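K.L.:
Below you'll find the structure I mean.
Numbering (full-length UniProt numbering), first residue to last: 1 to 96.
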């Protein structure tokens, strides 16, 4: 699964998204938006994006920090897959 973040280095909300990714051990690719040209390129790729940060998962625009936090549970399940119950039996290894 490819996770991307469009962000500025000095953006407080961008830092909160980075911290969220770190806390949940989500690897991501960061695209730095440092000026008008970068912002225009981001909008060409993500026509619905009007601000930063913007999170993209597998080429689907998720949105900014508020959306990330609002849908945290479903997004984590999608990013990490379902967590098996503690009493689940381990998967059988294939026979050779």
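Yeah, the Cβ is synthetic: ideal placement off N, Cα and C, and Gly gets one too. From a predicted model like this one, the values you see are computed outputs, not experimental measurements.
1) Using only the alpha-carbon positions, how far apart do residue 73 and residue 14 sit?
2) If you draw a straight line from the alpha carbon of residue 54 to that of residue 7, how long is it in whole angstroms?
3) Taking only the alpha-carbon atoms, compute the straight-line gap between residue 33 and residue 5 and give it to the nearest angstrom.
4) Would you please state the rounded distance, in angstroms, between the beta carbons of residue 20 and residue 68? I believe it to be under 8 angstroms.
5) Between the Cα of residue 28 and those of 75, 48 and 18, spot the shortest distance and give me the residue it belongs to.
P.N.:
Reading from the atomic positions:
1) 20 angstroms
2) 7 angstroms
3) 10 angstroms
4) 6 angstroms
5) 18
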